[in-house]
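For the protein sequence lines, the chains are A and B, in the order given.
Its first residue numbered 844, the first sequence is counted upward by one per residue in my numbering.
Its first residue numbered 47, the second sequence is counted upward by one per residue in my numbering.
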Amino acid sequence: MNEPILELEGLTKVYPGGLKALDSVDLTIRKGEIFALLGPNGAGKTTLIGAVCGLVRPTSGTMHAFGHDLSTDWRKARARIGLVPQELSTDMFEPVHRAVSYSRGLFGLAPDPKRIEEILRSLSLWDKKDERIMALSGGMKRRVLIAKALAHEPDLLFLDEPTAGVDVELRKGMWAIIDEMRERGVTVILTTHYIEEAEEMADRVGIIRQGKLIMVDEKDAMMARLGRTEAHISLANPITALPASLSQYPVEIEEGGTSLCYRGGDGTGRGKAEVADITKALLAEGIDYTGIDVRESSLEDIFVSLLGEEEPA
Amino acid sequence: MISWRSTWSIYTRELMRFLRTAFQSVLAPVLTTSLYFIVFGAAIGGRMPDLGGVDYGAFIIPGLLMLTLLGETTSNSSFGIYMPRFTGTIYELLSAPVGVAETLIGFVGAAMTKSLILAAIILVTARLFVDYSIAHPLLAMLYIMLVAAAFSLFGFILGIWADNFEKLGIIPMLFLTPLTFLGGTFYSIDMLPKPWDTIALANPIVYLVSGLRWTFYGSSDVNIWVSFGITLAFLAACTAVIAYIFKTGWRLRA
Ligand SMILES: Nc1ncnc2c1ncn2[C@@H]1O[C@H](COP(=O)(O)OP(=O)(O)OP(=O)(O)O)[C@@H](O)[C@H]1O
Ligand SMILES: [Mg+2]
């Protein structure tokens, strides 16, 4: 597999006041991957990003980016890292073009109007380039922040909730931007509350809760391991007992015998196949049905059930 | 090791911020200088004897310059760092590959440039009221930039220390303005009755005003080298404090 680009070991952050926002996080990010960090409010996502980007002082643990130790060799590492913060914070009086050019200069790169134009165009900001940022809509402001983060051509990009407050169309646009990053070989770490987004974009997903990284896996593997198929089969006539031919499947009688419920599979399609087998078995038994409702669980369901398991009773 | 491109970016952006409000930046010093001249120069000055061979109207110019310079430089740079903290835009500076050197040279360099613009405006305005000439113009420039550097660093510390708007305003109001007024802006220290002339020497601003006055008229209350020395010492102390703040990340990094 690809070389590691970011390595966190035992990363812990205790805020003054005692809140443990990161609890011994170990994480390795590989070059070129899109990694989604999922977690509820206050899980520690922004804190984790802040620690890598120099906004938060870790309490303990080590961080390496591009092989540089971030506690000593931070200059070299940070020159290659871009950050789009969660909050819309930028100098509102500045014109778009100047704000983006400033970011490039701040990171030590020579001016390159061509490159800036390219970035602004790719984010549909070119015709707003002379506009002051406060005159832009929320979604446009977020894209300005993305443009600022891309201005120094980072190899590792942090997107802290890039699609918060962005409409559906723009969200699709954001995905396209991330796809473009992927093609260019930029490694992207994003946080999101929209599971759909992680499912759509990410190669790997990490689930964080109360400062602990409780699961990290390939998105597909996670789906396969935790994915479920749920099927409800409405019966024409109520039954009282399951026929023996169905005993091998995870099926239960529901709603006073008028419905059968299947919960099983693994996110790789086995569930659907079993449901098909079950319907055949029902026909063979002479049990008639009036409807079938099959649903594959999403990452969202996995997420919710995982968090549910963790919930202290 | 230090990135000059980053430094230049910070410097030009700070100047832009200043020029964006060019109207206020020019109008405010013109207005206050004029007011002081009307009140002190014309109304009172007519009844004052020459001080050390200098006409009273001309005598107060270095003091007025220092008064405006200290106030503007301190508030400008304290806002310059406080606002990004307050609005969160400081994330960019903190995440950039820049250290204390780039940040300080950028911010302080901009403050020094602004101070020269400000001084020029005040001197031109003063010219409308009194005739004067500057004995050591180059030294005067150097001294103004030195004081601007020191107080922009002081403002920087203030802007990092303050965690609300009240605190931001209180130090200039409680200390800077009174000390400047008592610092020989409008009078010579030896005009004070004993023991106040000695007590006044405990006020650091006395040395700043006196130093600038020396570069203007070649004579002053205290030795020019003492003034230079105290300004440099203040500059060094502020630099040390800021280097420490950046090293520990106090109030900058969570
Ligand atoms: N500067 C700070 N001082 C003290 N506590 C903080 C600070 N910043 C964050 N916290 C706390 O640390 C915890 C993690 O916060 P963090 O912002 O990392 O969460 P998050 O996962 O990004 O949440 P969200 O999805 O809402 O953005 C929270 O309980 C938060 O209150
Ligand atoms: Mg967050």
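Just so it is clear, CB atoms sit at the ideal spot from N, CA and C, and this is done for glycine as well.
Values in this document were obtained by computation on a predicted structure and should not be read as measured data.
Between residue i and residue j, is the Cβ-Cβ spacing less than 8 Å?
i, j, result
"V927 (chain A)", "A992 (chain A)", "yes"
"I1021 (chain A)", "I877 (chain A)", "yes"
"T119 (chain B)", "A194 (chain B)", "yes"
"F202 (chain B)", "I127 (chain B)", "yes"
"T226 (chain B)", "M112 (chain B)", "yes"
"D998 (chain A)", "T1030 (chain A)", "yes"
"I251 (chain B)", "W260 (chain B)", "no"
"S266 (chain B)", "G948 (chain A)", "no"
"R299 (chain B)", "R1052 (chain A)", "no"
"S141 (chain B)", "R921 (chain A)", "yes"
"Y253 (chain B)", "I276 (chain B)", "yes"
"K160 (chain B)", "F64 (chain B)", "yes"
"L222 (chain B)", "I168 (chain B)", "no"
"F1001 (chain A)", "G882 (chain A)", "no"
"A879 (chain A)", "A1067 (chain A)", "no"
"Y178 (chain B)", "L258 (chain B)", "no"
"M1024 (chain A)", "P1005 (chain A)", "no"
"K919 (chain A)", "G1054 (chain A)", "no"
"G1100 (chain A)", "G1107 (chain A)", "no"
"I136 (chain B)", "P143 (chain B)", "no"
"L1149 (chain A)", "I1032 (chain A)", "no"
"R985 (chain A)", "E937 (chain A)", "no"
Let's test the definition: count the other Cβ atoms within 10 Å of the Cβ of residue i and tell me whether it reaches 16, buried, or not, exposed.
i, result
"F103 (chain B)", "Rather than Phe, the amino acid found at residue 103 (chain B) in this sequence is Gly. Buried: at least 16 other Cβ atoms inside 10 Å."
"L1078 (chain A)", "buried"
"A1156 (chain A)", "Low confidence applies to A1156 (chain A): its pLDDT is 39, below 50, so where it sits in the model is not reliable enough to give any reading."
"A248 (chain B)", "exposed"
"G893 (chain A)", "buried"
"V1009 (chain A)", "buried"
"S946 (chain A)", "buried"
"S903 (chain A)", "exposed"
"L913 (chain A)", "buried"
"G860 (chain A)", "exposed"
"Y290 (chain B)", "exposed"
"N1080 (chain A)", "exposed"
"K1123 (chain A)", "exposed"
"S1090 (chain A)", "exposed"
Comparing the CB of residue i with every heavy atom of ligand 4, is any distance shorter than 7 Å?
i, result
"K888 (chain A)", "Ligands in the displayed structure: ligand 1 and ligand 2; ligand 4 is not one of them."
If residue i sits next to residue j, beta carbons under 8 Å apart, how far is it from one beta carbon to the other, in whole angstroms?
i, j, result
"L931 (chain A)", "G981 (chain A)", "7 Å"
"S49 (chain B)", "G951 (chain A)", "4 Å"
"A157 (chain B)", "N210 (chain B)", "Actually they are not in contact, since the Cβ atoms of A157 (chain B) and N210 (chain B) sit about 23 Å apart, beyond 8 Å."
"L851 (chain A)", "L870 (chain A)", "5 Å"
"L301 (chain B)", "L192 (chain B)", "Given a span of 47 to 300 for chain B in the structure shown, any question on residue 301 (chain B) remains unanswerable."
"F42 (chain B)", "I180 (chain B)", "As displayed, chain B neither begins before 47 nor continues past 300, which places residue 42 (chain B) out of reach and without an answer."
"I1076 (chain A)", "L1085 (chain A)", "That pair is no contact at about 12 Å."
"V868 (chain A)", "L1103 (chain A)", "44 Å between Cβ atoms; not a contact."
I'd like to confirm the pairing. Which residues does DSSP put opposite residue i in its beta bridges?
i, result
"V857 (chain A)", "A:K863"
"E1139 (chain A)", "A:T1072"
"C896 (chain A)", "Looking at the DSSP assignment, C896 (chain A) forms no beta bridge with any residue, so it has no partner."
"R941 (chain A)", "Paired residues: none, contrary to the question."
"F878 (chain A)", "A:I1032 and A:R1047"
"C284 (chain B)", "C284 (chain B) pairs with nothing; no bridge assigned."
"T871 (chain A)", "A:E850"
"F1001 (chain A)", "A:L926 and A:I1032"
"V100 (chain B)", "B:L97"
"K1123 (chain A)", "K1123 (chain A) pairs with nothing; no bridge assigned."
"R1014 (chain A)", "Beta-bridge pairing links R1014 (chain A) to no other residue."
"K1115 (chain A)", "Answer by DSSP bridge pairing: none, since K1115 (chain A) is not bridged."
"R975 (chain A)", "A:P938"
"H911 (chain A)", "A:A908"
Checklist entry - When Cβ atoms are compared, which residues of the region 972-990 of chain A fall closer than 7 Å to chain B? => result Here the close residues number zero.
Checklist entry - Between the region 127-142 of chain B and chain A, which residues of the former have CB atoms less than 9 Å from a CB of the latter, in chain order? => result Listed in sequence order: M129, P130, T133, G134, T135, I136, Y137, E138, L139, L140, S141 and A142.
Checklist entry - For the region 50-61 of chain B, which residues have a CB atom closer than 9 Å to at least one CB atom of chain A, in sequence order? => result W50, R51, S52, W54, S55, I56, T58 and R59
Item to check | Members of the region 854-867 of chain A that neighbour chain B once the beta carbon cut-off is set at 8 Å | outcome: Here the close residues are Y858.
Item to check | the region 951-967 of chain A: positions lying closer than 8 Å to chain B by Cβ | outcome: G951, L952 and A953
Next on the checklist: Residues of the region 997-1018 of chain A in Cβ contact with chain B at a cutoff of 7 Å, in chain order, please.
Outcome noted: none
Next on the checklist: Taking beta-carbon pairs under 8 Å, can you tell me which members of the region 1027-1042 of chain A lie near chain B?
Outcome noted: none
Item to check | Interface positions of the region 142-153 of chain B facing chain A (Cβ-Cβ less than 8 Å), listed along the chain | outcome: A142, P143, V144 and G145
Checklist entry - Mind listing which residues of the region 60-93 of chain B have their C-beta closer than 7 Å to chain A's C-betas, in chain order? => result Correct list: R66.
Checklist entry - Quick one, which residues of the region 920-940 of chain A are near chain B if we go by CB-CB under 9 Å, in chain order? => result Considering only beta carbons, the part of the region 920-940 of chain A lying closer than 9 Å to chain B consists of A920, R921, A922, R923, I924, G925, L926, P928, E930, L931, S932, T933, D934, M935, F936 and E937, in chain order.
Next on the checklist: Under 7 Å, CB to CB, which of the residues in the region 888-911 of chain A have a partner in chain B?
Outcome noted: Under the 7 Å Cβ criterion, the region 888-911 of chain A contributes G893, C896, G897, L898, V899 and R900.
Next on the checklist: Along the region 264-286 of chain B, where does the CB come closer than 9 Å to a CB of chain A? Name the residues.
Outcome noted: none
Next on the checklist: To be precise: take each residue of the region 1100-1117 of chain A, compare its Cβ to all Cβ atoms of chain B, and keep it if any distance is under 8 Å. Which residues remain?
Outcome noted: none
Item to check | Interface residues of the region 226-238 of chain B facing chain A [CB-CB below 8 Å] | outcome: From the region 226-238 of chain B, no residue has a Cβ closer than 8 Å to chain A.
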